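Participant: Which chain is which? The protein sequence lines are Y and S, in order.
The first sequence begins at 1 in this note's numbering and counts up one residue at a time.
The second sequence begins at 1001 in this note's numbering and counts up one residue at a time.
By construction, the Cβ of each residue, glycine as well, lies at the ideal position given by its N, Cα and C atoms.
Fair warning: this is a prediction, and the values are worked out from it, not measured in the lab.
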Amino acid sequence: MLELFEQLSAPWALRAIITSSMVGITCGVLGSFIVLRNMSLIGDALAHAILPGIFVAFLIVGYNVVGFFVGSVLAGLMTAFGITWIQQYAQTKNDAAIGIVFTCMFAIGVMGISKISQRGVHLDLTDFLFGEALGISDVDICMTAGVMIFVLLSVFIFYRYLFITTFQQTIAKTMGINVKTVHYFLMFLLSFAVVSALSSVGVILVVAMLITPSSTALLLANRLKNVIIISAILGLLSANIGMLISIIFDTNPGPAMAVTATAIYLLVVFLSPSKGLIFRYFRKLASRRTIEQEDILRQAIKQGAAVPLATEKIGLKLGMSSTKLETHLSKMLKSDILRQENNKIYLSQAGAHKANQLMRAHRLWESYLVSSMGMNDNEIHDEADRLEHHLSKEILDEVDASLGYPEIDPHGSPIPKKQTIMLHEAALNRNYIIIKDQISDEIDSALWELGILPHTNFKVQRKTSGSIDLLYLNKRIRLKRDLAEKIKIQ
Amino acid sequence: MTPYHSIMPISVKGLSVSYDRKRVLTNIFLEIPKSTVCGVVGPNGAGKSTLFKAILGLITTNSGTVKIHGQEIDDVRNRIAYVPQKDDVDWTFPATVEDVVLMGRYPHKKILQRLDKTDHALANKAMEDLSIHDLKNRQIGELSGGQQQRVFIARALAQQADIFLLDEPFVGVDMMTEEKIIDILTRLREEEKTVLVVHHDLSTVESYFDHVVLLNQRLIAFGETESTYTRENISIAFGAQLDILHKSGIEKS
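1) Would you say residue 1061/S and residue 1102/S are within 8 Å of each other, going by their C-beta atoms?
2) Rounded to the nearest angstrom, what separates residue 486/Y and residue 423/Y at their Cα positions?
3) Using a C-beta to C-beta distance shorter than 8 Å, which residues of chain Y count as neighbours of residue 1094/S?
4) Once the 5 residues before and after residue 375/Y are set aside, which same chain residues still bring their CB inside 8 Å of it?
5) Identify whether residue 1252/S lies in helix, strand or coil by the three-state DSSP scheme.
6) Please list, in chain order, the residues of the segment 72 to 101 of chain Y that have any C-beta partner in chain S closer than 8 Å.
7) Just verifying my parser: in three-state terms, what is the DSSP assignment at residue 457/Y?
8) Residues of the segment 170 to 200 of chain Y with a CB closer than 7 Å to any CB of chain S: list them in chain order, please.
9) Please give me, in chain order, every unbroken run of the alpha helix (DSSP H) with length at least 4 that falls completely inside the segment 310 to 340 of chain Y.
10) Using a Cβ cut-off of 8 Å (strictly closer), state whether residue 443/Y contacts chain S.
11) Mind listing, in chain order, the continuous alpha helix (DSSP H) runs of no fewer than 4 residues lying wholly within the segment 137 to 189 of chain Y?
12) Considering only C-alpha positions, which residue in the set 1152/S, 1063/S, 1013/S and 1203/S is nearest to residue 1070/S?
13) So, is the C-beta of residue 1019/S closer than 8 Å to a C-beta in chain Y?
14) For residue 126/Y, which of 33/Y, 36/Y and 200/Y has the nearest alpha-carbon?
15) Given this structure, state the Cα-to-Cα distance separating residue 437/Y from residue 1139/S, to the nearest angstrom.
16) Where DSSP assigns a beta bridge to residue 476/Y, which residues make up the other side?
17) Using a Cβ-Cβ cut-off of less than 7 Å, list which residues of the segment 1045 to 1072 of chain S approach chain Y; keep chain order.
18) Is residue 1177/S closer than 8 Å to residue 1150/S when the C-beta atoms are compared?
19) Buried or exposed: which applies to residue 71/Y, given that a residue is buried once 16 or more other Cβ atoms fall within 10 Å of its Cβ?
20) May I have the straight-line CA-CA distance separating residue 1135/S from residue 340/Y, to the nearest angstrom?
21) Just to check my reading of the structure: residue 44/Y and residue 227/Y have Cβ atoms closer than 8 Å, yes? What is that Cβ distance to the nearest angstrom?
22) Relative to the C-alpha of residue 1045/S, which residue among 1022/S, 1029/S and 1116/S is closest?
23) Using a Cβ cut-off of 7 Å, pull out every chain S residue sitting near residue 451/Y, in sequence order please.
24) Could you tell me the alpha carbon to alpha carbon distance between residue 305/Y and residue 269/Y, rounded to whole angstroms?
25) So the beta strand (DSSP E) residue 75/Y belongs to, where does it begin and stop?
26) Would the beta-carbon of residue 148/Y fall within 8 Å of that of residue 205/Y?
27) Is residue 514/Y near residue 195/Y, with beta carbons less than 8 Å apart?
28) Quick one: is residue 6/Y buried, meaning 16 or more other Cβ sit within 10 Å of its Cβ, or exposed?
29) Please confirm whether residue 363/Y and residue 409/Y have their CB atoms less than 8 Å apart.
30) Going by alpha carbons, who is nearest to residue 332/Y out of 342/Y, 293/Y and 56/Y?
31) Which two residues bound the contiguous beta strand (DSSP E) that contains residue 1218/S?
32) The alpha helix (DSSP H) spanning residue 226/Y covers which residue range?
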């Protein structure tokens, strides 16, 4: 442990860590724009294409870090222009054009640099390709710092231009913004960033530092400013952890950083609260639970709302184990869909309402399949069974209207009419919508003031004797009970 | 020699546009006055969106000139606001409602100027006008079709332009939004603005617009709706596609 600490506090290690941190931030910030503009491949191309710049600079001024810098930036810009030119005039596909230009530039660079190093000059191709923690000089640090400050300032000052040209090119043009200039300015910044990453990450994997942290950030934030900040932090993190790994295990830093960035990306892909796969899995489970409970409800309403439920019968009919049925029933009791009286279970008012709606969905959809799609009576039941859980209230209304408000379904059973209930009668944690025609204008304006729009889903979270708490668009809204008693919902 | 242009808000003289040698617009002359909500109507491929792009100076024209208030478009860009079709927008983009509405203020800013209190106040006002203020921190992809359309109209309002070009603003929106947009357009007319709307629902043309441009690559007719939107002109504009007229129930003698 002590040994490791000593190793890390050695001047060369500190230099490596400082440089890679700055590279991480620079690439994270620029990468957000690169990814959003679908230019990931161009970023990769620019990185590969700077090698011949180094080679030519060496031929002209010899081994000189500043010379390498200037040569690389020029090579990067030449590549950007070259790609655009081919795309416009040679009528070659975009990605092919990028491939043609950068592989050629890269090949020239590799040939040139290998030739030089054969002459006994200390220019190691692998260092350029994958980075080299040991080889970072003070001049490198200053250049990287200069690039970082320049990039951050540019993004700060020209944020509006970058934002709008990335989001909507056409609108940017109508506002008189020169979209091409912004594009080339970004290419210019990108060349800078790639060159500054040369010593720590190397040209092959710098694209990972550009696109991976920002792709991760895009999963986590929903406004550009936050995406940029998170991406910079993730870039910093990946660069540092990567550099540590490379020092400890004595390997090239570039690959270590790329692997770290990807590891963070995967972690977020699985764990992100809104877009993560694991949470999506749980949501799927939850929706399956809802479907099963809705099936129970439909069986219950068939037995009748006034009589106690024959639960074994429902279990048998749905092929559901008794433990599973018990769990569902107790949950439905808790959310006011069922009620218990003298040890017997009944449908509550809210439950009967829900069940009627399901019945309506099922039978309307059956009618629709027969009359509009021409399916025959035997085929439709299963189809309607599946879809009744997913049809939104608006679609149902539309189906109802287009069929001319039918009274009976193709099997001759009555179709329940559309029903509304009052808000205080709603079951807990179920989706409802406020309907458009309320009983008076005062109710309309009261809802308006609360910021509640009609036809938008909400759930009732809690009911007390004085108030009712709604969850509406991720916001909690508390309503007085006497108001809730006057609000029609569906 | 440049033809004489009036100082009308939009003045188009002899405009012709083609894409890959295919003529889209031929010899269009138009003088759109102020205090108007003017519909642009014609069949698919009539060049409605192209006309907008030409007015906005986004495409190269074969011949003809467009003047805005008698000036070149590049000199008056902040006075003209454009609401593109909804499907031209990347709805997954990390931008909130407020971010988008604030963009309306960009054309009024010099390169180093930051957005200030006035800009935020104007954006807030525009969001309130369209009843989307409560949604200001939501990502645009989380909104319904109607709410999304309101966002872009709010951006145009925040721009405080005096010419508004809206491309199919009523497509895929709910009734409430449609009414809201009509309210806003009526208000703009009262404020002496010029509003041009590409529209395809033939049955609402008469109630929504006081002027109408009937277009089918050539200019078929332009003028006040009552005298211009006649069965005869409509059938010239739509030609073979006339059966849509019957479907949409237009009966005019």
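Facilitator: According to the data block:
1) No, the Cβ-Cβ distance between residue 1061/S and residue 1102/S is not below 8 Å.
2) Taking the straight line joining both Cα atoms gives about 7 Å.
3) What residue 1094/S touches in chain Y: 36, 218, 221, 222, 223, 224, 226 and 227.
4) Cβ-Cβ distances below 8 Å link residue 375/Y to 369 and 383 in the same chain, with the five nearest sequence neighbours on each side left out; the list follows chain order.
5) Bear in mind that a pLDDT of 43 at residue 1252/S, under 50, signals an unreliable position, so the number given afterwards is only what the model happens to contain. Per DSSP, reduced to three states, the secondary structure at residue 1252/S is coil, with no helix or strand assignment.
6) Correct list: empty, as no residue qualifies.
7) Judged by DSSP in its simplified three-state form, residue 457/Y adopts strand.
8) For the segment 170 to 200 of chain Y, which is checked against every Cβ of chain S, the residues closer than 7 Å are 170, 171, 173, 174, 175 and 176.
9) For the alpha helix (DSSP H) assignment, the uninterrupted runs of no fewer than 4 residues enclosed by the segment 310 to 340 of chain Y are, from N- to C-terminal side, 311 to 318 and 322 to 334.
10) Judged by the 8 Å Cβ criterion, residue 443/Y is not in contact with chain S.
11) If you keep only unbroken alpha helix (DSSP H) runs of at least 4 residues inside the segment 137 to 189 of chain Y, you get 138 to 157, 159 to 167 and 169 to 174.
12) For the residues 1152/S, 1063/S, 1013/S and 1203/S, the minimum Cα distance to residue 1070/S belongs to 1013/S.
13) Chain Y, which has no Cβ nearer than 8 Å to the Cβ of residue 1019/S, makes this no.
14) Ranking the options by Cα distance to residue 126/Y, first place goes to 200/Y.
15) Cα to Cα, residue 437/Y sits roughly 29 Å from residue 1139/S.
16) In DSSP, residue 476/Y forms a bridge with 471/Y.
17) If you check each beta-carbon in the segment 1045 to 1072 of chain S against every beta-carbon of chain Y, the ones closer than 7 Å belong to 1056 and 1058.
18) Closer than 8 Å, so yes.
19) Under this definition residue 71/Y is a buried residue.
20) Distance between the alpha carbons of residue 1135/S and residue 340/Y is about 41 Å.
21) Here residue 44/Y is actually not in contact with residue 227/Y; their C-beta atoms are around 20 Å apart, not less than 8 Å.
22) Minimum Cα distance to residue 1045/S is reached at 1022/S.
23) Those within 7 Å of residue 451/Y in chain S are 1134.
24) For residue 305/Y and residue 269/Y, the distance between alpha carbons rounds to 46 Å.
25) Run containing residue 75/Y: none in the beta strand (DSSP E); it sits in the alpha helix (DSSP H), 65 to 89.
26) Taking 8 Å as the cut-off, the beta carbon of residue 148/Y is found no closer than this to the beta carbon of residue 205/Y.
27) This structure cannot settle anything about residue 514/Y, because the visible part of chain Y is limited to 1 through 490.
28) With fewer than 16 other Cβ atoms within 10 Å, it is exposed.
29) Contact check for residue 363/Y against residue 409/Y passes: the beta carbons are separated by less than 8 Å.
30) Nearest in C-alpha terms to residue 332/Y, of all of 342/Y, 293/Y and 56/Y, is 293/Y.
31) From DSSP, the beta strand (DSSP E) with residue 1218/S extends over 1218 to 1224.
32) If you look at residue 226/Y, you'll find it in the alpha helix (DSSP H) that goes 224 to 248.
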